[in-house]
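Quick note, my numbering runs 4 ahead of the 1-based positions in the sequence shown.
Inspection log for the structure reproduced underneath, given as structure tokens.
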Amino acid sequence: MAWFGRKESVDPEKIQRGIALVPQLEGPGFVLRATSAPAGFKSRSLATVAEIRFELGAGWFHRDDLQRFFDRKNSIAESWNGSDTELFLCMVSGVAKGSMADKALSAQAGLPAGSAVLLRPANDGLEIVLLLDSAQLERISVWLQALPKI
């Protein structure tokens with residue numbers, strides 16, 4: 005019985021070659037690039053992450069978390085452990101009423117329902133650092149499909 009046996013790990017060089025094939029995605033005010041980050045017990049394995057760089061900083065999102073967000077299974081994605089900046093990606097129409105994200109969105113009138121925002125903590129809650137319209141979300145979703153699964 006191998007219930008607690010070790011699973012075969014993926015060769016880090018193979019991971020890097022797969023990630024290197026994915027070009028970075030540039031949009032108004034942001035750049036997305038694929039990379040890998042330590043994951044798992046004692047950080048012995050690697051995971052595919054999407055690094056987003058914007059004017060005020062950068063952060064990482066785990067590939068699987070972003071996939072659930074773009075599949076509309078989650079209306080919010082949180083940046084991954086070890087990220088340079090704590091970030092939240094959320095759909096404008098999917099935030100819970102009264103939440104910190106709702107307060108940040110309420111301060112910004114007229115946001116399109118099909119758009120998403122990138123939020124980061126601020127002194128008095130969350131602040132919007134990037135607005136992504138539906139066309140940009142579609143481009144990111146297509147780009148995300150090219151990321152290797154690890």
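A virtual CB, placed ideally from N, CA and C, is assigned to each residue, including glycine.
Query, Result
"Evaluate contact between the stretch 98-115 and the stretch 75-84, counting only Cβ atoms and requiring at least three cross-stretch pairs below 8 Å.", "yes"
"In whole angstroms, give me the CA-to-CA distance for residue 121 and residue 17.", "34 Å"
"Buried or exposed: where does residue 40 fall if 16 or more other Cβ atoms within 10 Å of its Cβ makes it buried?", "buried"
"According to the neighbour-count rule (16 or more other Cβ atoms, all chains shown, within 10 Å of its Cβ), is residue 63 buried or exposed?", "buried"
"Could you give the residue range of the beta strand (DSSP E) that holds residue 64?", "61-66"
"Give the straight-line distance between the Cα atoms of residue 135 and residue 68, rounded to the nearest whole angstrom.", "22 Å"
"If we call anything under 8 Å between Cβ atoms a contact, is residue 123 one with residue 108?", "yes"
"Please report the distance separating the alpha-carbon of residue 91 from that of residue 27.", "23 Å"
"Under the assumption that residue 74 contacts residue 148 (Cβ atoms under 8 Å), give the Cβ distance between them as a whole number of angstroms.", "6 Å"
"Is residue 83 buried or exposed, if buried means 16 or more other CB atoms sit within 10 Å of its CB?", "buried"
"Determine the direct distance from the alpha carbon of residue 138 to that of residue 116, and round the result to whole angstroms.", "9 Å"
"Please name the residue in 49, 53, 130, 59 whose C-alpha comes closest to that of residue 150.", "53"
"Does DSSP put residue 72 in a helix, a strand or coil?", "helix"
"I'd like to know whether the C-beta atoms of residue 143 and residue 50 end up nearer to each other than 8 Å.", "no"
"Buried or exposed for residue 59, going by 16 or more other Cβ atoms inside 10 Å?", "exposed"
"Reducing DSSP to helix, strand and coil, say where residue 9 ends up.", "Because residue 9 sits at a pLDDT of 46, beneath the cut-off of 50, its placement in the model cannot be relied upon, and the point is left open."
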